[in-house]
Structure formats: structure tokens, C-alpha cells
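Trainee: One structure coming up, written as C-alpha cells, with questions to follow.
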Amino acid sequence: MKVGIVGAGAMGCLFGGFLARELQEVWLVDIWKDHVNQINEEGLCVRIKEKCEAIIIKATTNPKDVGACDLVVISTKYDSTQDAVKDALAMISDETVVVTLQNGLGNLDIIAEFVDEEKIVYGVTTLGSILKGPGIIEATVTDEGKTYLWPLKGEPNGKIRNAIDTFNHAGLNFILSPDVKERIWKKLCLNAGLSVPLAIFRLNCGDYIKQSHALELTRCLVSEIVTVAAMEGVKLDPELIYQEIVELAKKAPDHRTSALLDILNHRKTEIDVINGAILNKAKQNNISIPYNSVVYSIIKVLENTYDYRIEDL
Ligand code: NAD
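Numbering (my numbering), first residue to last: 43 to 355.
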């Protein structure tokens, strides 16, 4: 099987690295030249629990070098998805399965503008990874990580099952799951209700959940999101989800979410596909979700004012 990973960041390198241990033809495609050069010269370093494994894998900035693949994984952040997919068309043939496990709501719609819906498989993953520098990632969740997928249109065919088997042979736990839409909304609750507030307050999970006002904020955010999800045909129990989020936070007290890392690194966050996307759905359904609206506005202001922030007395 020939695989192309478009967006060789934290997650793209995690998928690509695991697959390249098993397969001959795995390509990483990224616009970051230094990263691509480092991978071609020294291999990709996948660090798991302090141990670094150098994995030989092909990397390029040009999707045309790769050509048509059996499996293409789109793994950029939302802002880059459109450009990445347009370029990746050089890697997509009639036979290609195109997978997205990107967070939030919105990436799928962009991909479906350019790629036939029959080819697209979408889902959600509990795997985690951090890009440490050119050619280096740190896998934060691997063995216990699970990835749930389902085709955007119709039932899983032979090509899709083949692609899922390939991930599983590489040691990643990929599961065909018809309830993937529900899982995506649950992850939205986690990201919008916990990860984003952690970025606003600049706290890790453990310190956040000690604050009763913070927990109340999470509860209100989740309650609004569950209302919107119901209008989109997904039924969730707000109290159960709130409890699950608190339990997850308890299990990873030192965890710093990607939204927090984005804010600390003065980068754009993925707020537009998280609370922002939920706000858009609420507007379409003529309901108001004030807690999510305020959280969205705060992150937007933070993103726009990195250069003017008062840090000292
Ligand atoms: P990242 O920022 O580490 O990687 C994105 C990569 O895309 C970068 O290397 C960037 O150079 C590259 N890129 C940008 N424009 C491109 C283009 N036009 N063509 C090719 N490459 C391009 O991001 P990430 O953390 O790997 O996240 C990717 C997706 O996975 C996001 O939707 C994120 O929410 C989701 N996700 C991340 C994690 C995690 O632990 N990091 C976990 C679950 C889901």
C-alpha cells in the first residue's frame, strides 16, 4: 500500500512514522522545508517516553513527487486545509481513500469541496503528539489511543477496510464506528469545554479542576454544546459528558492542551473549528449560546493582541 500524509506535523508524523515501520512507500508532505530536509537526511525521530526511534521515511514539499496513493491522510490544521487539499489532488486517484482525523467541525466540508465524498473517511482520535522541532515529534498518547472512523458516504468498502487494517498492522488501534458523529461532538465538548478555557486561564488540567468557578464554566459550555448537538441530530447527556471531562482532567493533571500551547507560542488557535463552529451551528438553528460566544471572543482577542500584551508591572 502506498500512503501519503499531507501535513507532517505532530499527528501526521505520528501516523506516518508508525506506518513507515511496516510499509515501504510512505510519504510525508509538508510546506516546512527545514523539517522535510531533516527527515530526509536523518530520518524522523519519534520520541516515546524519552526514547527516540529514528524512522526512515520519504518526505517532500511537493505532492507531485509522490503521485497517486492508495491512502492519503490530511493532517494539517484548519487554516491550511484548503491549500493542502488542493495540492494533494496530485496524490488522489479514483482508487484513493482519503482520511481526515482533524479536530473540530469544518475540515471535512473543505475536503469534500475538492474530493468525491465516496472517497472520504472521517473520524476522531484519542492519539496525541507534539511537534518538538524539525524532524522530531513526541508521541504523548500511543498504546491506549483509539481512532474511530466511518465513511462520509455509504458503508465501508474493501478499500476502506484495507486502509483500516493497514493502520492496525502498524500498531495503531483504528476502529470502524458508525457512531463517529456522536464521538466527534463528544470531543468537541472536551475541546470547547475544557481545552479552550485552559488556554484562556493558562492552567494545566490539575490546577483548573481545583477551581469551582472554572468547573461551572465547563459545565455551562458543555450544556450549550449538547443543546446544539441535539439540533444537529446527535443526542448526548450533558451531565455524563461533564463528568467524563472532569475524570479525564484528573487523570492528566499536568497536561497542556494544544490550545494552551498555541496561546503560549503566540500562534493562531483552532477556535474557529471548535467554539466558533458550534456558534455557527447555533446561529443556523436560531439559538443563543452566550458562554461559548464569550469564550470564542476572548480567544480571538488573545490571538490578535500577542504583540501588545502587558506582561510586566
Ligand atoms: P501541526 O501544526 O503539528 O501540523 C500541521 C502541519 O501541517 C505543519 O507541519 C505544517 O507545516 C503543515 N502544513 C501547513 N500547510 C500545509 C500545506 N498547504 N501542505 C502541507 N502541509 C502543510 O498540527 P497537529 O497537531 O499535527 O494537528 C493536525 C490536526 O490533528 C489538527 O486538526 C488537530 O486538531 C488534530 N489533532 C491533533 C492532536 C495532537 O495531539 N497534536 C490530537 C488529535 C487531533
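Cβ atoms here follow ideal geometry from the backbone N, Cα and C, with glycine treated the same way.
None of the values given here were measured: they were computed from a predicted structure.
What would DSSP say about Asp136, mapped onto helix, strand or coil?
Mentor: Strand at Asp136.
Trainee: Less than 7 angstroms separating the Cβ of Asp72 from some heavy atom of the ligand NAD?
Mentor: At least one heavy atom of the ligand NAD is nearer than 7 angstroms to the Cβ of Asp72, so yes.
Trainee: Per DSSP, Ser171 is paired with what?
Mentor: DSSP output for Ser171 lists Ala181 as bridge partner(s).
Trainee: When we look at the beta-carbon of Lys325 and count the other beta-carbons within 10 Å, is it buried (16 or more) or exposed?
Mentor: Exposed is the call here.
Trainee: My understanding is that Cys111 touches Lys44, with C-beta atoms under 8 angstroms, so please give their C-beta distance in whole angstroms.
Mentor: That pair is a contact at about 5 angstroms.
Trainee: Can you tell which of Thr182, Gly109, Glu155 has its C-alpha closest to the C-alpha of Met53?
Mentor: Checked all of Thr182, Gly109, Glu155; the closest Cα to Met53 is Thr182.
Trainee: Does the beta-carbon of Asn215, which I'm using as the reference point, lie nearer than 7 angstroms to any heavy atom of the ligand NAD?
Mentor: No, the ligand NAD has no heavy atom inside 7 angstroms of this Cβ.
Trainee: For Ala50, tell me which candidate among Ile283, Leu257, Ala101 has the shortest Cα-Cα distance.
Mentor: Nearest C-alpha to Ala50: Ala101.
Trainee: Determine the closest residue to Leu194 out of Ala154, Thr299, Ala96, Ile305, with distance taken between C-alpha atoms.
Mentor: Here the closest residue by C-alpha is Ala154.
Trainee: Are there 16 or more other CB atoms within 10 angstroms of the CB of Pro105, so buried, or fewer, so exposed?
Mentor: Looking at its Cβ environment, which holds 16 or more other Cβ atoms inside 10 Å, Pro105 is buried.
Trainee: In chain order, what are the residue ranges of uninterrupted beta strand (DSSP E) at least 3 long that sit wholly in the stretch 208–243?
Mentor: List check, beta strand (DSSP E) in window: 215–218.
Trainee: Assuming Val108 and Gly59 form a contact by the criterion Cβ under 8 angstroms, report the distance between their Cβ atoms to the nearest whole angstrom.
Mentor: With a Cβ gap of about 17 angstroms, Val108 and Gly59 do not count as contacting.
Trainee: Between the C-alpha atoms of Leu65 and Ile99, what's the straight-line distance to the nearest angstrom?
Mentor: If I take the Cα positions, the gap works out to 10 angstroms.
Trainee: So if DSSP puts Glu95 in a beta bridge, which residue, or which two residues, is it bridged to?
Mentor: Note: Glu95 sits in a beta bridge opposite Val88.
Trainee: Evaluate contact between the stretch 278–295 and the stretch 333–352, counting only Cβ atoms and requiring at least three cross-stretch pairs below 8 angstroms.
Mentor: Verdict: no, contact absent.
Trainee: With H, G and I counted as helix, E and B as strand and the rest as coil, what does DSSP make of Gly59?
Mentor: Helix.
Trainee: Taking 7 angstroms as the line, does the beta carbon of Ser237 fall inside it for any heavy atom of the ligand NAD?
Mentor: No, the Cβ of Ser237 stays beyond 7 angstroms of every heavy atom of the ligand NAD.
Trainee: Is Ala126 near the ligand NAD, going by C-beta to nearest heavy atom under 7 angstroms?
Mentor: Yes, the Cβ of Ala126 comes within 7 angstroms of a heavy atom of the ligand NAD.
Trainee: Have a look at Ser219, Gly177, Leu245, Leu86 and flag the residue whose alpha-carbon is nearest the alpha-carbon of Asp296.
Mentor: Out of Ser219, Gly177, Leu245, Leu86, Leu245 has the C-alpha closest to the C-alpha of Asp296.
Trainee: Can you tell me whether Lys119 is helix, strand or coil according to DSSP?
Mentor: DSSP places Lys119 in coil when its eight states are reduced to three.
Trainee: By the DSSP assignment, the alpha helix (DSSP H) with Leu191 in it spans what residues?
Mentor: Counting along the chain, Leu191 falls outside any alpha helix (DSSP H), though it belongs to the beta strand (DSSP E) covering 188–193.
Trainee: Find the nearest neighbour of Leu236 within the set His211, Leu290, Gly175, judged by alpha-carbon distance.
Mentor: The option with the nearest alpha carbon to Leu236 is Leu290.
Trainee: State the beta-bridge partners of Ile47 as determined by DSSP.
Mentor: The partner list for Ile47 (beta bridge, DSSP) reads Leu70, Val115.
Trainee: Just the C-alpha distance for Ala62 and Ser339, rounded to the nearest angstrom, thanks.
Mentor: Roughly 41 angstroms separates the two Cα atoms.
Trainee: Would you decide whether Leu352 is buried or exposed? Buried here means 16 or more other CB atoms lie within 10 Å of its CB.
Mentor: According to the sequence shown, residue 352 is Ile rather than Leu. The residue in question, Ile352, is exposed, as its Cβ has fewer than 16 Cβ neighbours within 10 Å.
Trainee: Excluding five sequence neighbours on each side, which residues of the same chain lie with their C-beta closer than 6 angstroms to the C-beta of Val115?
Mentor: If we look at Val115 and ignore the five residues flanking it on each side, its Cβ neighbours are Ile47, Phe57, Val141.
Trainee: Give me the residue from Ile152, Ser171, Ile172, Gly148 with the minimum Cα distance to Ala130.
Mentor: The candidate whose alpha carbon is nearest that of Ala130 is Ile152.
Trainee: Would you check if the stretch 254–265 and the stretch 222–237 touch, i.e. whether three or more CB-CB distances between them fall below 8 angstroms?
Mentor: Segments in contact, yes.
Trainee: In whole angstroms, give me the CA-to-CA distance for Leu214 and Thr184.
Mentor: Their Cα atoms are separated by approximately 7 angstroms.
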